[in-house]
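First to last, the protein sequences are chains A and B.
6 is the number of the first residue of the first sequence in the working numbering; add one for each residue after it.
133 is the number of the first residue of the second sequence in the working numbering; add one for each residue after it.
Glycine is no exception: its CB is placed at the ideal position from the N, C-alpha and C atoms.
Keep in mind it's a predicted model, so treat the numbers as computed, not measured.
Below is one structure, written out as structure tokens, with a few remarks after it.
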Amino acid sequence: CTSIIAEDKHGEIFHARNLDFGLLLGWDFKNDTWLLTEKLRPLIFNGEFVRENKTVFKAVNFAGYIGVITGLKPQKYSLTVNERFTLKGSGIAGAIKWILGTRTGNWMGFLTRKVFETVDTFEDAKNILSTKELIGPIYFILGGTKSGEGVTITRSLDRTLDYNNLNVTNGTWFVLETNYDRWKAPLFIDDRRTPATKCMNVIGQGNATFAGLFDVLNTKPVLNKLTAYTTLMHVKSGTMDTYIRYCADPCWPW
Amino acid sequence: QFPPYTQDCQQGLYPPTDGPAQTVIPTYTINLDLPPERRWVQLARDKARGIKELIDVIKGLVRGFAGGILIRIIDKDLPKLMGGLPETAVAEMTAISQAADIPLGEIFLYNLFYEFDAF
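Below you can see the structure in the form of structure tokens.
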């Protein structure tokens, strides 16, 4: 996955993501595609979650999945989730604890769903996503409506390891997360961070728009054979646009 | 090409005018005023075939990885495993299972799979 939050020169916050899923989960040698990714695309739908005839939040989801991995609460905040792979403090320990009966941790999908249903502010969402015990490690990428409201939260099972905040006064007009801790180099065969960062700097803060972000997320290998969809979000207007993606050959598997 | 990959930054592709990005994605309203058992019924019925196909792939992959142990644990101990989940989540997954005619254990596995994948 690749998630980006960018702030334009007028303080508008844009949040975009590529959802990549299915790595190492069955390669179709005949069609050069990932089995799982191909099965996921037809299940994509836009979910409008309403209460008393008013939209509570919107989510891009796969049919049958009740959690939230890409969502927006209009005029409040937006959230995307990226997988985090780690050997130390991996989710295996959390899952075994769960199976053995210790149920203090939260499954990410159910937690994010609860946040969207019950939490109304960027700060409260940030606080809950930073502190709740989890079953597995994860990255939360949270965007808001005001200047500076954008953060990537690097989570272990029991605590937050790192925040990467938008801060235009320090020159940080975008934050970007793939599937690697930002203080470590990505795996050299899976470096989407470098091309995505390069392309963000090419478009510049002046083009931090849906169009600019779509172009960045359309650049290979940020776009790759695992990419199921691209979503563009603007919380202030409540806009959430999603596009199903295929990566035409020549295209990298991840 | 060997990594690192170096495609030039793309420009001017938005909005996409042709190809799969033009595919219209269906919108479903999930009414949170309804009891959890009724929120997902229409979607589950409409997409039952696709969900089954996806879960078949997941089960095959999980079997290859864990030799069927994980699926046996989920099938055998499902009520115990779901014990600590939010009640509404259990009710929603049960309703999806019934509407799509897919065993509850498989819907449960599917809902945890994004996290399991990282393992």
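Per-residue DSSP class, three states only, for residue i
i         : result
Trp103(A) : helix
Val124(A) : coil
Asp246(A) : strand
Thr235(A) : strand
Asp33(A)  : strand
Gly16(A)  : coil
Asp25(A)  : strand
Arg56(A)  : strand
Phe90(A)  : coil
Ala253(A) : coil
Ser135(A) : helix
Gly76(A)  : strand
Ile9(A)   : strand
Ile71(A)  : coil
Lys63(A)  : strand
Asn172(A) : strand
Asn206(A) : helix
Asn163(B) : strand
Ile49(A)  : strand
Asn212(A) : helix
Thr177(A) : strand
Minimum Cβ-Cβ distance from residue i to chain B less than 8 Å
i         : result
Ala68(A)  : yes
Trp112(A) : yes
Gly16(A)  : no
Lys225(A) : yes
Ile249(A) : yes
Ile49(A)  : yes
Cys6(A)   : no
Gly141(A) : yes
Ala21(A)  : no
Val120(A) : no
Asp220(A) : yes
Leu77(A)  : no
Val55(A)  : yes
Min CB distance residue i to chain A below 8 Å
i         : result
Ile201(B) : no
Met214(B) : no
Pro167(B) : no
Gly186(B) : Before going on, a small fix: residue 186(B) reads as Leu here, not Gly. Answer yes: the Cβ-Cβ gap between Leu186(B) and chain A drops below 8 Å somewhere.
Gln143(B) : yes
Lys191(B) : no
Pro158(B) : yes
Gly237(B) : no
Glu224(B) : yes
Lys208(B) : no
Ala221(B) : yes
Thr149(B) : no
Pro211(B) : no
Ala232(B) : yes
Cβ separation of residue i and residue j, assumed to be a contact under 8 Å, to the nearest whole Å
i         : j         : result
Gly69(A)  : Tyr242(B) : 6 Å
Pro158(B) : Ala227(B) : With 8 Å as the limit, Pro158(B) and Ala227(B) do not qualify as a contact, their Cβ atoms being about 19 Å apart.
Glu247(B) : Trp103(A) : That belief does not hold up - the Cβ atoms of Glu247(B) and Trp103(A) are roughly 10 Å apart, past 8 Å.
Glu12(A)  : Gly110(A) : Going by Cβ atoms, the distance from Glu12(A) to Gly110(A) rounds to 33 Å, so no, they are not a contact pair.
Asn175(A) : Gly153(A) : So it is not a contact: roughly 10 Å between Cβ atoms.
Trp188(A) : Leu28(A)  : Going by Cβ atoms, the distance from Trp188(A) to Leu28(A) rounds to 22 Å, so no, they are not a contact pair.
Asn223(A) : Ile146(A) : Incorrect: roughly 19 Å between the Cβ atoms, too far for contact.
Val73(A)  : Arg118(A) : 5 Å
Leu116(A) : Lys131(A) : With a Cβ gap of about 13 Å, Leu116(A) and Lys131(A) do not count as contacting.
Gly76(A)  : Leu84(A)  : 5 Å
Phe179(A) : Ala216(A) : Wrong, their Cβ atoms sit about 15 Å apart, outside the cutoff.
Thr165(A) : Ser135(A) : 4 Å
Asp196(A) : Ile208(A) : Rounded, the Cβ-Cβ distance is 19 Å, inconsistent with contact.
Met225(B) : Phe240(B) : 6 Å
Cβ-heavy atom distance, residue i to the ligand SAH, below 7 Å
i         : result
Trp112(A) : Within the structure as shown, the ligand SAH is missing, as the structure has no ligands at all.
- prompt: If you pair each beta-carbon of the region 225-245 of chain A with each one of the region 10-19 of chain A, do three or more pairs fall below 8 Å?
  reply: With contact defined as three or more Cβ pairs closer than 8 Å, the region 225-245 of chain A and the region 10-19 of chain A are in contact.
task: Identify every run of the beta strand (DSSP E) within the region 140-170 of chain A, keeping only runs that are complete inside it and at least 3 residues long; order them along the chain.
output: 143-148, 155-160, 165-170
Contact the region 55-62 of chain A vs the region 116-123 of chain A: 3+ CB pairs below 8 Å: The region 55-62 of chain A, when compared against the region 116-123 of chain A, does touch it at the 8 Å Cβ threshold.
field: the region 243-259 of chain A touching the region 220-235 of chain A, judged by at least three CB pairs closer than 8 Å
entry: yes
contact_flag[the region 140-154 of chain B, the region 184-198 of chain B] where n(CB pairs < 8 Å) is 3 or more: Because the criterion of three Cβ pairs below 8 Å is not met, the region 140-154 of chain B and the region 184-198 of chain B do not touch.
- prompt: Which whole runs of the alpha helix (DSSP H) in the region 181-251 of chain B are 4 residues long or more, in chain order?
  reply: 201-213, 219-232, 236-250
query: Should the region 44-51 of chain A be regarded as contacting the region 181-188 of chain B, the criterion being three or more beta carbon pairs within less than 8 Å?
result: yes
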